[in-house]
Amino acid sequence: MRLFHAPGSPYARITRMAVIELGLEDRVAVEEATLRDPASVLLPFNPVGRVPSLVLDDGSTITETTPVLMVLDSLVAPERRLLPGPDAPRALAAYGRVLGMLDGIAVWNRELRRPVHERSPGVIALEAVRAARVADALDAEVAAGGFATMDAALLALISALGYCARRHTAFDWREGRPALAALFDAAQARPSVARTVPPAGMGGTAPPVR
Ligand SMILES: N[C@@H](CCC(=O)N[C@@H](CS)C(=O)NCC(=O)O)C(=O)O
21 MRLFHAPGSP YARITRMAVI ELGLEDRVAV EEATLRDPAS VLLPFNPVGR VPSLVLDDGS
81 TITETTPVLM VLDSLVAPER RLLPGPDAPR ALAAYGRVLG MLDGIAVWNR ELRRPVHERS
141 PGVIALEAVR AARVADALDA EVAAGGFATM DAALLALISA LGYCARRHTA FDWREGRPAL
201 AALFDAAQAR PSVARTVPPA GMGGTAPPVR
């Protein structure tokens, strides 16, 4: 299998961390692709052109983070799987919340990558408030003992916060959220986290957004 990613993508990072956590590095080749590039190696496999994209041995290409995680989980024993199911509603709710926060942060970041005169102050304000509101809730959940298990919710949270730390510094998520900060700092020693740290800066391989 081939997992296409971009080093700065927080969504792809979730799946790259999953490959390492699940011990699948000998079965999944992790390959870099350029984004918003008509010559990208990704486009023949995925016309959407987004990462993560997982190309299976039968030629199917699985896109979007959660379906990719479903396939990766299917390769390991049930007790090792990362995606929570409906039998674990708290973990499933946590995963959804983090993905929702990340979606909002991605919209916010996209605005900041536009030329200043093309930015929407309204969208930026809305997403800044949304991100702060979710981060406050997540900080309370962590303080109450949440996110204590290695699962997709924790990987998504570490990836979202790591994205802000390295590529979306407009969001000072640490301020007033000590539980989140402690969780994030403690996670940095895990090989899956340490080996997938995104490059600093907003640009990456993608051209500016218009
Ligand atoms: N909802 C998607 C989001 C994936 C996504 O937005 N990936 C970005 C990188 S962080 C991308 O590939 N962007 C390229 C583009 O928009 O053309 C998922 O869950 O995987």
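Residue numbers (my numbering): 21 to 230. Virtual Cβ for every residue (Gly too), placed ideally from N, Cα, C. All values derive from a computational prediction rather than experimental measurement.
Out of G221, A173 and L55, the CA that lies nearest to the CA of P104 is found in A173. Contact between P198 and G28 is absent: CB atoms are separated by about 27 Å, not below the 8 Å threshold. According to the DSSP assignment, R33 belongs to the alpha helix (DSSP H) that extends over P30 to E41.
Proximity of the beta carbon of G69 to ligand 1 is indicated: a heavy atom of the ligand is located closer than 7 Å. If you ignore the 5 residues before and after R33, its C-beta comes within less than 6 Å of the C-beta of S179 and T216, all in its own chain and listed in chain order. Annotation for V127: E147 place their beta carbon closer than 6 Å to its own, counting only its chain and skipping 5 residues before and after. About 6 Å separates the CB atoms of R100 and L42; that is less than 8 Å, so the two are in contact. Rounded to the nearest whole angstrom, the CA to CA distance from A49 to P106 is 30 Å.
Taking the Cα of V143 as reference, the smallest distance to any Cα among A155, L181 and G124 is reached at G124. Assignment of T216 by DSSP, reduced to helix, strand and coil, places it in the coil class. Distance from the CA of A209 to the CA of Y31, rounded to the nearest whole angstrom, comes to 20 Å. Cβ atoms of V118 and L177 come within 8 Å of each other, at about 5 Å. The beta carbon of E84 sits closer than 7 Å to at least one heavy atom of ligand 1. The DSSP assignment places 85-94 as complete runs of the alpha helix (DSSP H) inside the region 45-107, in order along the chain (cut-off: 4 residues). DSSP places F24 inside the beta strand (DSSP E), whose first and last residues are R22 to H25. G196 carries a coil assignment under DSSP once its states are collapsed to helix, strand and coil. The closest heavy atom of ligand 1 lies less than 7 Å from the beta carbon of P72. In chain order, A49, E51 and V75 place their CB closer than 7 Å to the CB of R22, counting only its own chain and leaving out the 5 sequence neighbours on each side.
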